[in-house]
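Engineer: Have a look at the structure that comes next, please.
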Amino acid sequence: MRTVTVKTDRREQMIDVTSQVRKEVADSGVKSGIVICFAAHTTAAVTINENADPDVTRDILHKLNKEIPKDEGYHHGEGNSDSHIKSSLVGASEIVLIEDGRLVLGRWQGIYFCEFDGPRQREMLVKVIPCADD
Ligand code: ZN
Numbered sequence: 006m007r008t009v010t011v012k013t014d015r016r017e018q019m020i021d022v023t024s025q026v027r028k029e030v031a032d033s034g035v036k037s038g039i040v041i042c043f044a045a046h047t048t049a050a051v052t053i054n055e056n057a058d059p060d061v062t063r064d065i066l067h068k069l070n071k072e073i074p075k076d077e078g079y080h081h082g083e084g085n086s087d088s089h090i091k092s093s094l095v096g097a098s099e100i101v102l103i104e105d106g107r108l109v110l111g112r113w114q115g116i117y118f119c120e121f122d123g124p125r126q127r128e129m130l131v132k133v134i135p136c137a138d139d
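Residues in the sequence shown are numbered consecutively from 6, following my numbering.
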């Protein structure tokens, strides 16, 4: 298992980590399989979405913040319940196929590490798993 370190500089942020995942896949030497990207945090997430127009990630964060306000009478004493909720909604992991040693992503897709309680230094775990072809 490999670790991709992600430094965030805002409270909410989506960081394109596709190139780092590509490097881990290349370093693994696996030609056919899957790669699992996992955020080992309760206030962060991993998702796949458009990496062509930066307004898309801006709009995703805008909508999440609108639907899940920071202060809404939550009980959790740490004051970051909105971050925990966003983390669960977006999800902790993504799986991407590997074929011919390359990530199988749509033309406009990128892998994003989602920060919901930054800024911090985060770790995304990356596991490359070979699969036998039939
Ligand atoms: Zn908390």
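For every residue, glycine included, the Cβ atom is placed at its ideal position computed from N, Cα and C.
Give the list of continuous alpha helix (DSSP H) stretches no shorter than 4 residues that lie fully inside the stretch 79-128.
Structural biologist: Runs found: 86-95.
Engineer: Note down the Cα distance separating Val-95 from Asp-122, rounded to an integer number of angstroms.
Structural biologist: C-alpha separation (whole angstroms): 14 Å.
Engineer: Please identify the residue among Thr-8, His-67, Val-9, Glu-55 whose C-alpha is closest to the C-alpha of Arg-16.
Structural biologist: That would be His-67, whose Cα lies nearest to the Cα of Arg-16.
Engineer: What runs of the beta strand (DSSP E), each 3 residues or longer, lie entirely inside the stretch 13-78?
Structural biologist: Runs of the beta strand (DSSP E) inside the stretch 13-78: 18-21, 38-44, 49-55.
Engineer: With a CB to CB cut of under 8 Å and the five nearest residues on each side skipped, what residues in its chain are close to Val-26?
Structural biologist: So the list reads Val-9, Val-40, Cys-42, Val-101, Leu-108, Ile-116, Val-131, once near-sequence residues are dropped.
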